[in-house]
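All remarks here apply to the structure that follows.
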Amino acid sequence: MAFKTGDFVKVEKDGAFYEGHVIPGEDGYITLKMVGGGYVAGFLENEVSVTLLPPVAAPPEPPKQVVRNTAKGAGIKIAPSGKKITIITTGGTIATYLNPETGTITPSFTGEDILLEVPELDGFADFKIRDVFSLLSENMKPENWKELAQAIYEEIKAGADGIIVTHGTDTMTYSAAAAAYMIDTPVPIVFTGSQRSPDRPSSDNHMNIICAARAAASDIAEVLIVMHGSMSDDFCAVHRAVKARKLHTSRRDTFKSVNMFPIANMDYFTGELTFLSDFVDYAKRGENELKITPTLEEKCAIVKFTPGADPAIFDYYVEKGYKGIVLEGVGLGHVSDNWVPSLKKAADQKIPVVVTSQCINGSTALGTYETGLAMREAGVAEAADQLTESVLVKLMWLLGQDLEYEKVKELIASEMKGDMSSMIID
């Protein structure tokens, strides 16, 4: 019997039974989104017995409150902050619910629903909800970054003491970096999300929202990413947005600060901040004047060099009129010798090319080997230890300011918003 996507079935294998909804998978397999937590499992069709079950009716709307949160938040100490905090929602897993008809998750929660999920925050702040998007983060585009930055700016201008942005984790670093470069902020702007949807017992939404609210009421007036700091429900890490990367597809502590410590860790139960390094300075509440420059040059690209890759891959973007290119080199930032003429061609056309490294940690250092020196002479800029994601957004933002070519090259290779370490290897 053939089964279609969304069918609710029972699979028997070696005397064990599994129930779930059929989702698309590889030929020869039956792939299920399992009930009771949403895990995915695949079974060879010729090794199992499958029975079609009566469909499970979808709930008319997401639940407005989840009883399990009362136990999950037991022992949490949250004193009133007296702050005005705006929660801006954009979608993502933190705002999704499992649809039992299809076995997949889709955006469905509003900011009000998210706040109702966390009754411990009642009285913590004067919360305002602003639902901007309802998107899975892979569908976010630069035009969304600009609209989001404008919404954040308007809320701070209207008197918000802190901002929480709920966002999907897959592209959170791009959106958070865009907010960091486009907005000078006198208050905390905190991005948070969850790796697991709120209806799952192992969801991280509850703890992340509580920690994000505390961070939004704190003195750290930067664009931050606040998520689980470990696999346990014990603390959240407070990351500088332009230095954080998603490093695991599904772990709750997926975000890590790269080439620096997180600014702080936050104890889940007490809210206490532990600052991790005397060398990580941060902007304090009220230090900066509010300003927004939400212009971007969207025609920028990331090109990843691989061994033996044809430089025609790079040439394509030059020929198609791209205005800036981020080149992910290997090791210290290298590409093969036969790519150097293409880099020179881009420089001759005043197309900024900035080199990052495919390594997770460390810095570019094109002055170490002959190839790197040739790349420098061809006119590329070096990102040092900046992250590729942040560099792309930074390049788009700089090009959006109508700066001269040499000025863009100078600034892309300079520290902005804490995106570069003071220790550069060369």
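Under my numbering, residues 192 to 617 are what the sequence shown spells out, in order.
Note that CB positions come from ideal geometry on N, CA and C, so glycine has one too.
Since the structure is predicted, the reported quantities are computational estimates derived from the model, not experimental observations.
Suppose you measure from the CA of aspartate 317 to the CA of alanine 407; what does that come to, to the nearest Å? Along the sequence shown, one-based indexing puts residue 317 at 126. Along the sequence shown, one-based indexing puts residue 407 at 216. Each residue's Cα considered, the two are about 12 Å apart.
Answer yes or no: do glycine 515 and proline 543 have a C-beta to C-beta separation smaller than 7 Å? Your numbering for residue 515 matches position 324 in the sequence shown. Your numbering for residue 543 matches position 352 in the sequence shown. Contact: yes.
So what does DSSP say about aspartate 472, is it helix, strand or coil? Residue mapping note: residue 472 aligns to position 281 of the sequence shown, counting from 1. Note: aspartate 472 maps to coil in three-state DSSP.
For leucine 643, the residue or residues it bridges with in DSSP: No information on residue 643 is available, as it lies outside the stretch 192 to 617 that the chain covers here.
What number of angstroms, rounded off, separates the C-alpha of valine 306 from the C-alpha of glycine 282? Numbered from 1 along the sequence shown, position 115 holds the residue referred to as residue 306. Numbered from 1 along the sequence shown, position 91 holds the residue referred to as residue 282. With the sequence shown as reference, residue 306 is identified as leucine, and valine is not the correct amino acid for it. The alpha-carbon atoms of leucine 306 and glycine 282 are separated by roughly 14 Å.
For the candidate residues Leu235, Ser385, Ala403, whose alpha-carbon lies nearest to that of histidine 439? The residue given as residue 439 occupies position 248 in the sequence shown. Sorting Leu235, Ser385, Ala403 by C-alpha distance to the C-alpha of histidine 439 places Ser385 at the top.
From the DSSP output, in three-state form, read off threonine 383 for me. For the purposes of this step, residue 383 is taken as the residue at position 192 of the sequence shown. Threonine 383: strand per DSSP, three-state reduction.
Please return the same chain residues whose Cβ sits closer than 7 Å to the Cβ of glutamine 577, not counting the five positions on each side in sequence. On the sequence shown, position 386 is the one that residue 577 refers to. Thr547, Asp610, Met611, listed in sequence order.
In terms of residues, what are the limits of the alpha helix (DSSP H) holding valine 429? As a working mapping, residue 429 is identified with position 238 in the sequence shown. Not the alpha helix (DSSP H): valine 429 falls in the beta strand (DSSP E), residues 426-431.
Residues of its chain near leucine 312, where Cβ-Cβ distance is below 8 Å and the 5 sequence neighbours each way are ignored: Residue mapping note: residue 312 aligns to position 121 of the sequence shown, counting from 1. Same-chain partners within the cutoff: Ile269, Leu306, Phe318, Ile400, Ile401, Ala404.
7 Å CB neighbourhood of glutamate 338 in its chain, flanking five on each side removed: The residue given as residue 338 occupies position 147 in the sequence shown. Excluding residues within five positions, the ones whose Cβ falls inside 7 Å are Val323.
Proximal residues to threonine 360 (C-beta, below 8 Å), its chain only, five neighbours per side dropped: Locating residue 360 in the sequence shown gives position 169, counting from the first residue. Answer for threonine 360: Gly283, Thr284, Ser328, Gly384, Ser385, Gln386, Met418, Lys437, Thr445, Phe446, listed in chain order.
Please state if the CB of valine 517 and the CB of leucine 583 are separated by a distance shorter than 7 Å. As a working note, residue 583 is residue 392 in the sequence shown. As a working note, residue 517 is residue 326 in the sequence shown. Yes, they are a contact pair.
Option nearest glycine 520 by Cα separation, candidates Cys427, Tyr507, Ala500, Ala232: For this step, residue 520 is matched to residue 329 along the sequence shown. Considering only alpha carbons, the answer is Ala500.
Rounded C-beta distance between threonine 362 and methionine 331? I'm assuming under 8 Å. By one-based count along the sequence shown, residue 362 stands at place 171. By one-based count along the sequence shown, residue 331 stands at place 140. With a Cβ gap of about 5 Å, threonine 362 and methionine 331 count as contacting.
Give the secondary structure of asparagine 456 by DSSP, where H, G and I count as helix, E and B as strand, and everything else as coil. The residue given as residue 456 occupies position 265 in the sequence shown. Residue state, collapsed to three classes: strand.
Short of 6 Å in beta carbon distance, which residues of its chain neighbour valine 258, apart from the five on each side in sequence? Order them along the chain. As a first step, residue 258 is located in the sequence shown; it is residue number 67 there, counting from the start. Low local confidence applies: a pLDDT of 36 at valine 258 is under 50, so the model's placement there is unreliable, with the coordinate-based value given in what follows. Here the set comprises nothing.
Going by DSSP in three states, histidine 525 sits in which element: helix, strand or coil? Start at 1 with the first residue of the sequence shown, and residue 525 comes out as number 334. Strand at histidine 525.
Three or more beta-carbon pairs under 8 Å between the region 560-577 and the region 413-431, yes or no? no
Using a Cβ-Cβ cut-off of 7 Å (strictly less than) and excluding sequence neighbours within five positions of valine 471, which residues of its own chain qualify? Counting from one through the sequence shown, the residue named residue 471 turns up at place 280. Same-chain partners within the cutoff: Met451, Phe452, Ile454.
Residues sharing a beta bridge with histidine 419, DSSP: Locating residue 419 in the sequence shown gives position 228, counting from the first residue. For histidine 419, which the question treats as bridged, DSSP gives the partners Cys427.
Apart from the five residues on each side of it in sequence, which residues of its chain come closer than 8 Å, Cβ to Cβ, to proline 377? Translated into positions along the sequence shown, residue 377 becomes position 186. Result list for proline 377: Ile347, Ala412, Arg476, Gly477, Glu478, Asn479, Glu480, Leu481, in chain order.
Label glutamate 308 either buried or exposed according to how many other C-beta atoms from any shown protein chain fall within 10 Å of its C-beta, with 16 as the threshold for buried. Counted from its first residue, the sequence shown places residue 308 at position 117. Around the beta carbon of glutamate 308, 16 or more other beta carbons sit within 10 angstroms, so the residue counts as buried.
Residue from Leu326, Met607, Ala575 whose Cα sits closest to the Cα of glycine 522: Numbered from its first residue, the sequence shown carries residue 522 at position 331. Here the closest residue by C-alpha is Ala575.
From tyrosine 596 to tyrosine 560, what distance separates their C-alpha atoms? Position 405 of the sequence shown holds residue 596. Position 369 of the sequence shown holds residue 560. Looking at the two C-alpha atoms, the distance is approximately 26 Å.
Uninterrupted alpha helix (DSSP H) stretches inside the region 296-325 (no shorter than 4 residues): 302-307
DSSP beta-bridge partners for tyrosine 220? As a working mapping, residue 220 is identified with position 29 in the sequence shown. DSSP, once it has assigned bridges, lists Leu235 as partnering tyrosine 220.
Compare the C-beta of tyrosine 508 with all C-beta atoms of chain C and state if any pair is closer than 7 Å. Looking for chain C here will not work: only one protein chain is present.
Just grab the DSSP bridge partners of phenylalanine 466 for me. Counted from its first residue, the sequence shown places residue 466 at position 275. Beta-bridge pairing links phenylalanine 466 to Ala455.
Alpha-carbon spacing of leucine 243 relative to valine 200, whole angstroms: The residue you call residue 243 lines up with position 52 of the sequence shown. The residue you call residue 200 lines up with position 9 of the sequence shown. Whole-angstrom Cα-Cα distance: 4 Å.
Label aspartate 352 either buried or exposed according to how many other C-beta atoms from any shown protein chain fall within 10 Å of its C-beta, with 16 as the threshold for buried. Numbered from 1 along the sequence shown, position 161 holds the residue referred to as residue 352. Looking at its Cβ environment, which holds 16 or more other Cβ atoms inside 10 Å, aspartate 352 is buried.
Would isoleucine 483 pass as a contact of tyrosine 365 if the rule is Cβ separation under 7 Å? If you number the sequence shown from 1, residue 483 lands on position 292. If you number the sequence shown from 1, residue 365 lands on position 174. Not closer than 7 Å, so no.
Tyrosine 459, buried or exposed, once every other Cβ within 10 Å from all chains shown has been counted against 16: As a first step, residue 459 is located in the sequence shown; it is residue number 268 there, counting from the start. When all chains shown are included, tyrosine 459 counts as buried.
Who are cysteine 402's beta bridge partners in DSSP? One-based indexing of the sequence shown puts residue 402 at position 211. Cysteine 402 pairs with nothing; no bridge assigned.
In the DSSP assignment, find the unbroken beta strand (DSSP E) run with phenylalanine 446 in it and report its ends. Within the sequence shown, residue 446 is the residue found at index 255, counting from 1. Element bounds for phenylalanine 446: 446-448.
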